[in-house]
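Written out below as structure tokens is the structure these notes cover.
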Amino acid sequence: MTTQQTATTTLWRPTGPEELALVEASGWRAWPPRLPEQPIFYPVLNEDYAIRIARDWNVPASGVGYVTRFEVGTEFLRRYPVRRAGGETILELWVPAEELAEFNRHLVGEIQVVREYR
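The opening position of the sequence shown corresponds to residue 1 in our numbering, with each subsequent residue numbered one higher.
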């Protein structure tokens, strides 16, 4: 018996307490729909960039910032070009809000909280 494993890519997302509560309510399996003023979902490609956003943006805005880590099928992610939002390591994907449900269907495993800043 052979099992076929899907190649995955590790992504990170800095988040605040409200979004994290919605992720927890999903059983740690999905990102919540975007708000009307949030047309793009931005997962990032490295932990350091996620840490900087959680610490420097989420903490002042919400009192706490979290860094999450999750896996997505690599083949599916090819549709989203890597965007450079600043320096060499400031890399993210831009997932249109209307594609987030499909993005969530390609998550492999649970969304994990790996860091917390206050």
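Beta carbons: idealized from backbone N, C-alpha and C, even for Gly.
On the criterion of 16 or more Cβ atoms from any shown chain inside 10 Å, does residue i qualify as buried, or is it exposed?
| i | result |
| --- | --- |
| residue 2 | Because residue 2 carries a pLDDT of 48, less than 50, the predicted location of this residue cannot be relied on, and no value is offered for it. |
| residue 31 | buried |
| residue 19 | buried |
| residue 50 | buried |
Spatial neighbours of residue i within its chain, please: CB distance less than 7 Å, with the 5 preceding and 5 following residues excluded, ordered by chain position.
| i | result |
| --- | --- |
| residue 17 | 62 and 64 |
In whole angstroms, give me the CA-to-CA distance for residue i and residue j.
| i | j | result |
| --- | --- | --- |
| residue 106 | residue 71 | 9 Å |
| residue 78 | residue 103 | 12 Å |
| residue 116 | residue 67 | 6 Å |
| residue 15 | residue 87 | 21 Å |
| residue 7 | residue 73 | 6 Å |
Among the options, which has the Cα closest to the Cα of residue i?
| i | options | result |
| --- | --- | --- |
| residue 99 | 7, 14 and 41 | 41 |
| residue 13 | 101, 108, 110 and 69 | 69 |
CB-CB under 6 Å to residue i, same chain, minus the five flanking residues each way: which ones, in chain order?
| i | result |
| --- | --- |
| residue 125 | A query on residue 125 cannot be resolved here, the shown segment of the chain reaching from 1 to 118 and no further. |
| residue 92 | 42, 44, 83 and 85 |
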